[in-house]
Structures are given as C-alpha cells and as structure tokens.
Amino acid sequence: MATYLIRHTPRLSGEVEVSTAKNAVLPILAAGLLTEDPLIIKDVPRITDVDMLLQILRDCGAEVVRSGSDVSVCALQTQSPNHEENIRKLRASILILGPILARSGSACVGLPGGCAIGQRPIDLHVKGLQALGAQVHPIGGKMQLSGRLTGTRIYLDLPSVGATENLMMAATLAEGKTTLENAAKEPEIVDLANCLNQMGAKITGAGTGTVTIIGVERLHGTVYHPIPDRVEAGTLLCAAAITEGSILVRGACAEHLRSLLFKLTETGVGIKETQVGIRITGSAVSPFELRTLAYPGFPTDMQAPMTVVALKCHGTSMLHETVFENRFMHVGELARLGAHIRVENNVALVEGGHVLRGGVMRSTDLRAGASMMLAGMIAQGESILQDPAGHIERGYQNLPEKLRLIGADIERIEDYPS
Ligand code: UD1
0 MATYLIRHTP
10 RLSGEVEVST
20 AKNAVLPILA
30 AGLLTEDPLI
40 IKDVPRITDV
50 DMLLQILRDC
60 GAEVVRSGSD
70 VSVCALQTQS
80 PNHEENIRKL
90 RASILILGPI
100 LARSGSACVG
110 LPGGCAIGQR
120 PIDLHVKGLQ
130 ALGAQVHPIG
140 GKMQLSGRLT
150 GTRIYLDLPS
160 VGATENLMMA
170 ATLAEGKTTL
180 ENAAKEPEIV
190 DLANCLNQMG
200 AKITGAGTGT
210 VTIIGVERLH
220 GTVYHPIPDR
230 VEAGTLLCAA
240 AITEGSILVR
250 GACAEHLRSL
260 LFKLTETGVG
270 IKETQVGIRI
280 TGSAVSPFEL
290 RTLAYPGFPT
300 DMQAPMTVVA
310 LKCHGTSMLH
320 ETVFENRFMH
330 VGELARLGAH
340 IRVENNVALV
350 EGGHVLRGGV
360 MRSTDLRAGA
370 SMMLAGMIAQ
380 GESILQDPAG
390 HIERGYQNLP
400 EKLRLIGADI
410 ERIEDYPS
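Mapping of the sequence shown onto numbering that gives the first Met the number 0: position 268 corresponds to residue 267, and the numbering continues sequentially without gaps.
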C-alpha cells in the first residue's frame, strides 16, 4: 500500500519540471489503434494509468514498446479487449471504443472505471457513435457496437472531454464529413487533433465548440510530443502558494492555465510567466470564490488543490463544483487535520486561517489525494497519507519526489500498518 509520511514544510523554493500531460497522452495512445503504422509518443509519463492503458492496447492487438521515455504503439490489426478487469481500472479505457470500431467495423468494450467522483456515464460516447451509424447492443455489462461509420452532425448535450475525443477519433476514418457541435475545448482536445492531423487526419476547429472532421481512408504513423501537464503544473503552483514559496515550474504553459493563474493572483501571490515556465512567489492570503466549468472555465481537477489554498487564506472561500456530482471527498479527510470546511450541495465553504495539525488521511481519488499531500505540508508536525488504491501514482509522475526537490519533507514508507 502506498503510504506517505509528510512533515511540515516551512517554505518551498527552487525549480521543478512538469511532466507530459496524462490527459493528453491517454487519448493519443488510444489513437495508435487507428493505424497499422507505428505511432511514437515522446516523453510518456511513468504513471500507472498509462501502464494500464498500454496493457489494454496490447490486449487489443497492438505491439507496444517502451523505450526510455518514449512509447511506440503499432496496431497491425485491432480486436476488442478480452480482459474486462483492466477496462474497469481507468476511465480513459473507453477511448479505445471509437478507434476499434472505426478501424475494424465492430467493438465490444466493458464499462470503464476510474475515479469515483460522480456517475460518469458514457451515454454521449455511445449516442455519438450511433449517430455515425453504429448499431449498439448492450450485452452483459458490455457495449457491442458494429457498423460502417458515415460522417454526420452530432450535438453533444454536454461538452464532454472523453466523448469529444472518442468521436473525433472515430470520425477520422468515417466516410464523409462529421461536425461535432458543443464539443469540449480543452487543450488536450487540440493536442489530440494535432496528433491525428499529423497522422493524416483532416480535423479543423479543435479548441472551439465546433470541430469538423473529414474522413480519410487511412491514417499513418508519426512521432508526437504531447503538451505539458497543466493539472500537475497547477498542483505545484498551489503547493508554492500555501508555503509562501518561490518556485519556477519549468515547462508549464500559462496559456493552458489562465483561469487558475487569475484565481491564484486574486489570493495575493505573484505570478510571472517566463520563456521557460511559470514563476510563483508569495503566499495566498485573500479568500476567493470559484466555479468549476468546462475549459476555458476553471478546471474541476484543480478544485481539490484550491481547497487547500483556501485553507491558507484569511476568511471564507466558496468553491462551486458544477462538473462532477461527488467531488468533495477530500473535505472529510482534510477535517482530520482540523480544516474548517462545510459542504452545502455543490458548494464547499472553506474557512481559512486556522492552524492545521498533523493527522492520518486516506486518499479517495487522484486529485483529492494530491490535495491531501499539500495539506500535510502545511499542517503542524507529521501527517500520514494512506493511498491504498495508488491514486496519486495513477496520475502524477513522481509527485512526492518533485515536491521534495523544492523543499518538501515527504517520504514514501513501505511498511506502514494498514
Ligand atoms: C476528463 C479528464 C478528467 C477531468 C474531466 C473534466 C481525462 C482522462 N480525464 O474526464 O481529468 O476531470 O475530463 O474536465 O481526460 N458525462 C456524461 N455523459 C458522457 C460523458 C460525460 O454525462 O457520456 C458527464 C460526466 O459525468 C461529467 C461531465 O460530463 O459530469 C464531464 O465529463 P467528461 O468531460 O466526459 O470527463 P472525462 O472525459 O471522463
């Protein structure tokens, strides 16, 4: 079981490098199923969500080779995965559905798992593929889809990131033109479209609400370097804001972090965008209000780390969660350190300025786990963070090591009694 011992950190300083984005790498890996040529992805982070998706891709017939930090996916042919238990382990496993269907004319995939932060249905993925011409038969907890895909106009009821990615990938090999309306605009969507275009796809409008895809007969291989991880960068910036730090997050892309940078500035920290990354100095003091929204709104993945920032501010902050129904699970754990937080429906009211004291917390999901690690850094004395499901290592490459590099005192302990 992953357990972390976290001691009070007076101040962070120095430089830390951000990894390649998990949420960009996962769909791009799935895009490897769209071509028989090798797709080589540079700087793939060593996180367990990636390891799991690589296993799934192998199960789908791809040859997957990790060489240093690069991964090559070569799918001479594709098939539906046999090991359903792997599909259940991560949400992004649903992203193989569109590519397998588009490539081979049929796909049978179980329901995905991932962080338990809400119901997380896949109706928009399935409805979109149906609109493209797939016949859908639910069988024993799995989705069986078959048929030749033909371009059409699809309106997404919600700008779902995963559904936009799945449909965009499927439409690259559909016959004719597909238009996705109310598409998600996240930087990871643009990155996937850039990679697909480099593979020979004809996608325009990615990053806007209307994405147009002209189907092509085949895609070819390429070498692609995905974008930096904006959530990891944001988590490191929050770590600095709660410790009166002065750090440079190398490789962080300010353009992708606009809403967070504005919010952090409101709290009183100094932000400087440089050629090589983002520098943050000073401490968060002023309370704030935020509302999570689809991009370019405030990212839901940054809500839990910002809850910890709110604990440092003098006064009451309000955090509205509008994207997922069950994303305040960190609140109960932070209370174990003495945090004063009240949740009313989808709003967390955080009373900042109280001293936190070390305690034992249990990670409940990926971003919640990271926020607990940050909280441990500002609590007096020692804290223990138990992460039996390994949530933090699922999505952050070496988070404790990176924090240690800039002055945090965090140890992964192997023999902590459960
Ligand atoms: C992705 C990110 C995740 C982030 C989320 C929102 C990856 C691997 N994960 O998740 O880190 O928190 O975007 O920015 O990229 N929904 C439906 N029906 C569907 C699909 C989604 O109702 O078919 C709902 C979801 O329950 C949720 C909302 O739409 O309430 C947004 O979900 P979505 O954008 O699809 O998130 P993911 O792609 O799962």
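All residues carry an ideal CB built from backbone N, CA and C; glycine is no exception.
Computed from a prediction, not measured in an experiment: that's the story for all the values here.
Exercise. What residue does the alpha helix (DSSP H) around Gly161 start on, and which one ends it?
Worked result: Val160 to Thr171
Exercise. First and last residue of the beta strand (DSSP E) that includes Asp69?
Worked result: Asp69 to Cys73
For this session: Take the Cβ of Glu231 as the centre, count every other Cβ of all protein chains shown within 10 Å, and call the residue buried at 16 or more, exposed below.
Result: buried
Exercise. Any idea which residues DSSP pairs Arg152 with across the strands?
Worked result: Thr178
For this session: Starting from the C-beta of Lys141, find all residues in its chain whose C-beta is less than 8 Å away, skip the five residues before and the five after it, and write them out in chain order.
Result: Answer for Lys141: Glu83, Cys107, Val108, Gly109 and Leu110, listed in chain order.
Problem set entry | Ile412 classed as buried or exposed, judged by whether at least 16 other C-beta atoms fall within 10 angstroms | exposed
For this session: Report yes if the C-beta of Arg411 is less than 8 Å from at least one heavy atom of the ligand UD1; otherwise report no.
Result: no
Exercise. Just the Cα atoms here: how many angstroms apart are His390 and Thr363?
Worked result: 8 Å
For this session: Report yes or no: do the region 315-334 and the region 287-294 share at least 3 C-beta pairs separated by less than 8 Å?
Result: yes
For this session: Report all residues from its chain with a CB closer than 8 Å to the CB of Asp48; omit the five preceding and five following residues, and keep chain order.
Result: Lys21, Leu25, Leu89, Ala91, Arg393 and Gly394
Exercise. Within 8 Å: the Cβ of His124 and any heavy atom of the ligand UD1?
Worked result: Under cutoff, so the answer is yes.
Exercise. Measuring CB to CB, does Leu52 end up less than 9 Å from Leu33?
Worked result: no
Exercise. Per DSSP, what kind of secondary structure is Leu318 in: helix, strand or coil?
Worked result: strand
For this session: Pull up the CB-CB distance for Gly380 and Gly357, whole angstroms please, since I reckon it's below 8 Å.
Result: 4 Å
Exercise. Can you tell me whether Leu11 is buried or exposed, with buried defined as 16 or more other CB within 10 angstroms of its CB?
Worked result: buried
For this session: Confirm, please, whether the CB-CB distance from Arg6 to Ser382 is below 9 Å.
Result: yes
Exercise. Who are the Cβ neighbours of Pro37 in its own chain at under 6 Å, not counting the five residues just before and after it?
Worked result: Ser71, Cys73 and Gly220.
Problem set entry | Cβ shell of Cys59 (< 8 Å), same chain only, five flanking positions each side left out | Cβ within range, chain order: Leu32, Ala74, Thr77, Gln78, Ser79, Pro80, Ile95 and Ile99.
Exercise. Gln274: buried (16+ other C-beta within 10 angstroms of its C-beta) or exposed?
Worked result: exposed
Problem set entry | the ligand UD1 heavy atom lying under 8 Å from the CB of Ile383 | No, the ligand UD1 has no heavy atom inside 8 Å of this Cβ.
For this session: Tell me, please, which residues DSSP counts as bridged to Glu185.
Result: According to DSSP, which records beta bridges pairwise, Glu185 is partnered with nothing at all.
For this session: Can you tell me which of the three DSSP states Val230 falls into?
Result: Three-state result, Val230: helix.
Exercise. On the three-state DSSP scale, how would you describe Gly382?
Worked result: According to the sequence shown, residue 382 is Ser rather than Gly. Note: Ser382 maps to strand in three-state DSSP.
For this session: Report buried or exposed for Lys271, applying the criterion of at least 16 other Cβ atoms within 10 angstroms of its Cβ.
Result: exposed
Problem set entry | Separation of Ala407 from Thr264, as counted between CA atoms | 23 Å
For this session: For Val275, decide whether its Cβ has a neighbour in chain C, counting only Cβ atoms nearer than 9 Å.
Result: Checking the listed chains, one finds no chain C in this structure; it contains a single protein chain.
Problem set entry | Assigned secondary structure, Arg403 (DSSP; H/G/I helix, E/B strand, else coil) | helix
Exercise. Can you name, in chain order, every residue of its own chain whose Cβ lies under 7 Å from the Cβ of Thr321, other than the five neighbours on each side?
Worked result: Within the same chain, Thr321 has close Cβ partners Arg290, Thr291, Leu292 and Asn345.
Exercise. Does the Cβ of His255 have 16 or more other Cβ atoms within 10 Å, making it buried, or fewer, making it exposed?
Worked result: Of the other Cβ atoms in all chains shown, 16 or more fall within 10 Å of the Cβ of His255; this residue is therefore buried.
For this session: Check Cys107 in the structure and name its three-state DSSP category.
Result: strand
Exercise. Taking just the CA atoms, how far does Ala369 sit from His353?
Worked result: Each residue's alpha carbon lies about 20 Å from the other.
For this session: Can you tell me which of Ala374, Lys184, Leu218 and Glu185 puts its alpha carbon nearest to the alpha carbon of Ala200?
Result: Leu218
Problem set entry | Reduced DSSP secondary structure (H/G/I, E/B, other) of Gly296 | coil
Exercise. Taking the alpha-carbon positions, what's the Val165 to Glu216 distance?
Worked result: Reading the sequence as shown, one finds Asn at residue 165 and not Val. Between Asn165 and Glu216, the C-alpha separation is close to 18 Å.
Exercise. Where does Val63 sit, in a helix, a strand or coil, going by DSSP?
Worked result: strand
Problem set entry | Inter-residue CB distance, Ile241 and Leu373 (contact presumed, cutoff 8 Å) | 6 Å
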